[in-house]
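J.: This structure is in C-alpha cells; I'll ask about it shortly.
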Amino acid sequence: MGYDPTEHFSKLYYKASAMIDMYTRHCYSYCDFEDDIDIRKDAVKKAIALQIAYMDETGIDTAEDRQHLANISIGRTSVSYGGTDKKGINFTPYGLTLDALNLLNSVGFGYSGVAYDR
Numbered sequence: 000m001g002y003d004p005t006e007h008f009s010k011l012y013y014k015a016s017a018m019i020d021m022y023t024r025h026c027y028s029y030c031d032f033e034d035d036i037d038i039r040k041d042a043v044k045k046a047i048a049l050q051i052a053y054m055d056e057t058g059i060d061t062a063e064d065r066q067h068l069a070n071i072s073i074g075r076t077s078v079s080y081g082g083t084d085k086k087g088i089n090f091t092p093y094g095l096t097l098d099a100l101n102l103l104n105s106v107g108f109g110y111s112g113v114a115y116d117r
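This is the structure in C-alpha cells:
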C-alpha cells in the first residue's frame, strides 16, 4: 500500500485493528470479510494502514494518548492546543486518525440511523 515497513508492525497492527473493530462495532465478527463488497473491504484495509502509519509516526497509539495531547510535531509541522482548555477540539472516537475515520465513514461505517421510507 506504499507504506514503509516498521519494526513494531505486529503491535501496531493489533492496536489499529482493535480500534477499527470497535468503530465498526465488530462487523466482521458476524459477517465474513471476504463476502463484503470490495469498496468496504478496501476502505477497512486502507484505514488499518493509515492508522498504523499514524501511530508509528506520532507515537500516539491509544485513545488516552490522543486525548491528553497538548502539542505535536511531525517533521517541520507543529500543532499546539495551548493550555488545558480543549473546548472546541474534536477528538475522533477510539483514537482513530481522521483519515481512517473518513475512509470508514465514506463506506457507511459509523452510521447509526434508521432507514425510513413511506
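In this text, residue positions in the sequence shown follow numbering that gives the first Met the number 0: the first is 0, and each later residue adds one. Every residue gets a Cβ at the ideal spot worked out from N, C-alpha and C, and that includes glycine. The model shown is predicted, which means the values in this text are computed figures rather than measured ones.
CB A42 to CB L103, shorter than 8 angstroms?
T.: As a working note, residue 42 is residue 43 in the sequence shown. As a working note, residue 103 is residue 104 in the sequence shown. A contact, by the Cβ cut-off of 8 angstroms.
J.: Would the beta-carbon of S123 fall within 8 angstroms of that of I36?
T.: The chain is shown from 0 up to 117; residue 123 falls before or after that span and cannot be answered.
J.: Check for me: the alpha helix (DSSP H) holding T76 runs from which residue to which?
T.: Taking the sequence shown and counting its residues from 1, the one referred to as residue 76 is at position 77. Where T76 is concerned, there is no enclosing alpha helix (DSSP H), although the beta strand (DSSP E) it sits in stretches over T76 to S79.
J.: Starting from V43 and walking both ways along the alpha helix (DSSP H), at which residues does that stretch end?
T.: The residue labelled residue 43 in the question sits at position 44 within the sequence shown. First-last of the alpha helix (DSSP H) with V43: D37 to T57.
J.: How would you write the range of the alpha helix (DSSP H) that C26 sits in, first residue to last?
T.: For this step, residue 26 is matched to residue 27 along the sequence shown. It spans C26 to Y29 - the alpha helix (DSSP H) in which C26 sits, taken as one unbroken run.
J.: Give me the Cβ distance between F108 and Y22, rounded to the nearest whole Å; I'm assuming they're in contact under 8 angstroms.
T.: Counting from one through the sequence shown, the residue named residue 108 turns up at place 109. Counting from one through the sequence shown, the residue named residue 22 turns up at place 23. Yes, F108 and Y22 are in contact; Cβ-Cβ is about 6 angstroms, under 8 angstroms.
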